[in-house]
Amino acid sequence: METLFGLQMQYIAAGLTATLLILILAIAIIAIRNRFLIKLSLRNIPRRRTQSILIIVGLMLSSTIVAASLAIGDTITGSIRNAVLEGIGDTDIRISKPAFGVLDDPKITAEEIEEIAVKLYSDPRVDGIMPISTETAPVLNQRTRLTEARATVRGYNVDGSLGNFKPQAQGGPGDDSRLSPFELKPSVNGDEIDLASLADDEVLINENLGNKLEAQPGDVLTIVTPSGRQDFRLRAVMQKGGMAANDMRVLLPLSSYDRIYENEPGTAELVDISLDLDNYDLEIESDDIVEDLSLEFTDAELAAELHAGMEPFRDTIVSEIRNYINEKSGTNELSTEQEEDLNEFIAELERDEPTERFRVLLAKDAFVGLFFGILSGAELGVVAEGLPQLAFAIGQLERLSVSDFKVFLTGIAEQVGNLFFTFFTFFGSFSVIVGLLLIFLIFVLLASERQQEMGIARAVGTKRGHLVQMFTFEGLAYAIGAAAVGTAIGIAVSRVLVVIMANAFGTADDETFSIQFTVTGYSVLTAFSIGLILTLATVIFSAYRVSKLNIVVAIRNLPEEFVASTTKPILRRILDFVFWIFGPVYALVGLIQAMRRHEDVGVAILKLVSTLLVIGWVIGLIAAFFRIFAPYFKQGWPYALIGVALTALGFLNASAWQAYIGASVAVYGFTMLALAIMVRVGVREAIASRICYTVAGVLILVMWALPQRYTDFITEDLNANVEMFIFAGFFMVASSVWIIMYNSDVIVRGLQATLGRFTAVRPIMKPAVAYAVANRFRTGLTVSMFALVIFVLMSFSILNQSFSGLLQTPENVTGGFDVRANIDDDLPIQDIKADIDASPDLELRDFELIVGQSDIELAGRQVDGEEARFLELRVRGTEPEYFRATKLKITAADAAYLPSNTDLSDEDERARAVWDALAEDPNLVAIASEHAIDFEVIGPDPTEGLMKLEDVDFGESGYEFQAKEIEIVSGDDGDGSMTVKRTVIAVIDDLAESLEGETDGGPAPGFQGIYTDHQIFSELSDEPVPFTIYRMNVAEGVDPTRVASTLQTVFLDNSMLAVDTEEELSTAVAQNEQFSLLFQGFMGLGLVVGVAALGVLSLRAVNERRMQIAIMRCIGYRARMIRIQFIMESIFITVIGTGLGMGLGALISWSFLDDLGDANQGLTFEIPWLSILVVVGITIIAALITTYVPARQASQVYPAEALRYE
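Following the working numbering, the numbering of the sequence shown begins with 400 at its first residue and continues without gaps.
Here is the structure:
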């Protein structure tokens, strides 16, 4: 990836590396000044090698997750970029006709090509101009009888002419040498071939098509065109890439192409521009040339008229744009480039006469979409009435459309790569949190193990700052090793995941696109730096916490007790906050004072360095502010106030996560306040804590877990996004651990009442459970680690199973049809049944039903909606027989248009009534859910630009719908003659035709648009619109796979692609399962941390409980009983953690599926018990294996040796 979150990867890597080096340098300076502390801190690493290995394994997870995510992002970005560059060759800029409608002639005239040539020929930045025409057609190899139904046939202008512009005439022979031809790679045999040297009956093909057809030079290839079959002799098979691209391609001179497609000579569909990238920057020069050409091919007079036409409403428009900028500036919804364009547009509107920039902005499709999006969402009054005419006029502004083709496509590659990185880091963030919890736990355990050592050190004169430094030095040594190992393992893991991904997506053997493992040095450096910085930050925080020990308690090795923090006077706390406003100066003064006093110099250096890096400045400022109120936080009311304020802010910003987190903090604050009051009135603290924290835990758990429909009366205006999943997981696990740990005696009683009845188990179980329960903090952290990871695995598995269950019901996806066939709209079938009947390879009796459909991209809008623009709307016109046969589900419908006895709550009856209504009345339509429901997605919104219905409400039942009237325009002209109105009476199920376009060459992904009677096209076009899609049901006993294959052969001249829908569905389900395994493997990294945590806990328990072990051995416990006790303790923690994760994962999944009920009533809550139990079983077995070694060590402790320990 070249960018991440909009920033260049080299800058991210450089910034992180610089930050890391500065931190390490600061720590090194401190170490040089305190060499004795270095020796004390590092001596423990080689002493306990097993423990050190476990610690490194636990600490490496952050680096592993980040490295794996970045490597996958690099791989996807690199694979798509390679495919793009291989597919477009030398094309940097593309010029085409604007697509106003289906009836427009897409050809660029010879005069327009001449204009382009005159404009660019003398530009030194341009080194190639290539007029091109392209079409998709069937190709047959006469020798092998192999076919390709959808080959790309492309004609290139290689005769040196550019319309009527003759380069040779500009300066005599050879004058065109400056314009190097677009690259045509050698043939697979290594021969260099000039496309211009081909005879009129010769063609070239690329190696992909050559492999498909098993073609050899000299073979006769037949290309099927609207004018008939055309035979060509194959000159050579070319290496893919460059002009030969990476699809299934036929290459021939433009003159030959014009002949077989009966085009006017000198015209072209595209003009591709190549830039001299050896001497010029692509993005800068591409943008400049696109701007220049946009000015050349936009109507200046019309632009002036548009500017004058906006004059009466200028103030209103400017005000709305400024309001939008103020609201969205700095968010992901408005990029820096978009904000700059909007400000420039405001400046243009405020001028008396528009400049060229006004035309450039209105020639940019993205800007026009943003502009009308702002206006359509505003209260414009009379201004809104003129928006349709304004939109149409802007659409007429361009004669030719110019795009920075390569920049756009490589940008998509970056977006997709970032999307995969975001996906894996989004879910991987749970594992990162688990890793950070383990770091914290490890250093708490290390501090507990060395409590006496630290107490003695403090007693003989060392200060708290020295203890912080000791742990920081040791932590840095662990962190460097863990970051290096974690990064290497992350890259190795990503390589395995990429192989699984390639198999899941079916690209392993794909010649047109393949996923190839790639990882850049920037990503490796970034992963290492992020992992090390996160680990080091957690280490320093943990070291600060453990340094607050009570010296007497530590020396006597009593239970952990911290020194109470001294509270500065209120005035001093306020002054500290004021001083932190001048952070670097304040830190420098602190360093000078520390050097003079010879105390805590290392801490002062770290403070100065972190302040200079800004992050320390921000943290210090925030900490100083909160220290002002620190003495009051224990009372709880400041948390309550902060929570209430954050909740109010969430409702003000319509942000669900702010509101929910605020409410959770408020609950915690009121809990602490209630606890203080109860203790003050005489309630025992243990009882008060149990009551308060249990009630708080239940409230927070219920708040985050409840489906939205139960809280709509409060939260209906809040916008929830995917980040809610992370926050929900964290707060649900934290609240549940509260409930469990403060009510652990209930679990103990339950175990005693069941397992405790067995005399052989009772003496082992009681001390095992008692120790875990007594160490509430450690056990709670470990339980949380397992619960967080299992929570994600459980929820993902349930959701995946639910959606896979829908796919496994063919009627929901295919409508119950056995075969789907698509043909080229330029090669229509006149009478498909007659052709089948006349074919020797097919029998008409093999088909029970054949229905035809037409599918055309048009534009539409809601008649009474606020959105005035016509936006994208795919119209599928079908024969009435389709409506009577289809079994697609309907999400919601308007009962007013259905028979009075229709039971809308019955999804089968509802669907049948809707489809029957569409069969009877051609003025009714059903619309895809993408046009009626807003779906939350990670990354770019795939429904952006689509027409959306407004004020859609499915009622409390989830299946009621209020009919909407829509207006559809063909785009032929603006006088209204090509506009029709239809009534939307139902919303189609989200899964309907969701696999369409994946394998049949149709529109992808899935169907988006409306279903209606085919009659609509006779109202939108004076020309007949042929069928391009056929749905077929085969007779009983007939193999649909064989029928689909035979159809492709019989209708080769129509470029038919046919698929067996059930086989297609099976492939999709298999891919889904593969991806599920890939994700489970990725999330399984988090379980490694949980298992490592158990190992560290067990090792610590052996050292900490040597006295107890000795006493137990003295009173009769055998070595086997000691070993089983330690193993049982680990099982107890593992089972609670995994059980909690399973329960919470199931709960959040049920809540999510309940919220999705409006979009799809077919979703069912189903737990994949087999896969879940396998994961849980592996986790428990791994925990047992990790715990066995410490348990065995504990069982080998001799009573006399342990009793001498003190």
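The beta-carbon is built from N, C-alpha and C at its ideal position, and this holds for glycine as well.
Values in this document were obtained by computation on a predicted structure and should not be read as measured data.
Residue i (DSSP reduced to helix, strand or coil)
i	result
G889	helix
G880	helix
I1222	coil
S913	coil
M1377	coil
T666	coil
L1546	helix
G1215	coil
V1588	helix
G1179	helix
V1327	For the sequence presented, residue 1327 should be read as Ala rather than Val. Three-state DSSP puts A1327 in coil, outside helix and strand.
D1352	coil
I1197	helix
S728	coil
Q615	coil
S560	coil
Y1358	coil
D590	coil
A635	strand
I1387	strand
8 Å Cβ cutoff met for residue i and residue j
i	j	result
I688	R524	yes
F1269	L1317	no
F976	F1024	yes
E700	P497	no
V1442	D1245	yes
V767	S693	no
I1027	R1083	no
G1494	T1585	yes
G816	D473	yes
A509	V557	no
L1606	R553	Here the chain covers residues 400 to 1605 and nothing more, so residue 1606 does not appear.
T1285	G1215	yes
Classification of residue i by the beta-carbon crowding that lies within 10 angstroms, buried from 16 upward
i	result
S728	exposed
I411	buried
M1431	buried
Y1031	exposed
Y1109	exposed
A1593	buried
Y1597	exposed
W1137	buried
G1149	exposed
N678	exposed
Does the pairing of the region 1119–1139 with the region 1054–1070 give three or more beta-carbon distances under 8 Å? yes
Is it a yes or a no for the region 751–758 touching the region 677–688, going by three-plus beta-carbon pairs under 8 Å? no
contact_flag[the region 602–610, the region 505–525] where n(CB pairs < 8 Å) is 3 or more: no
Taking three-plus beta-carbon pairs below 8 Å as touching, is the region 464–477 in contact with the region 917–931? yes
At what residue ranges does the region 1455–1533 contain a whole run of the beta strand (DSSP E), taking only runs of 3 or more? 1456–1459
Please give the ranges of any beta strand (DSSP E) in the region 1399–1446, keeping only runs that are unbroken, at least 3 residues long and fully inside the region. 1409–1412, 1428–1433
Where in the region 750–779 do unbroken runs of the alpha helix (DSSP H), each at least 4 residues long, occur, reported from the N-terminal end onward? 755–761, 764–775
Quick check: the region 1452–1470 against the region 544–560, are there 3 or more CB pairs under 8 Å? yes
The region 1496–1512 / the region 1583–1597 touching (three or more Cβ pairs under 8 Å): yes
Going residue by residue through the region 786–821, where are the continuous alpha helix (DSSP H) segments of at least 4 residues, counting only ones entirely within it? 786–794
Quick test of the definition: if touching needs 3 or more C-beta pairs under 8 Å, does the region 934–946 touch the region 859–871? yes
Count the C-beta pairs between the region 1275–1293 and the region 1303–1319 that are closer than 8 Å, then say yes if the count reaches three, no if not. yes
Runs of 4 residues minimum, wholly inside the region 1013–1099: which ones carry the alpha helix (DSSP H) assignment? 1014–1027, 1029–1032, 1036–1051, 1055–1079
Across the region 850–857 and the region 930–939, are there enough close Cβ pairs to call them in contact, namely three or more that are closer than 8 Å? no
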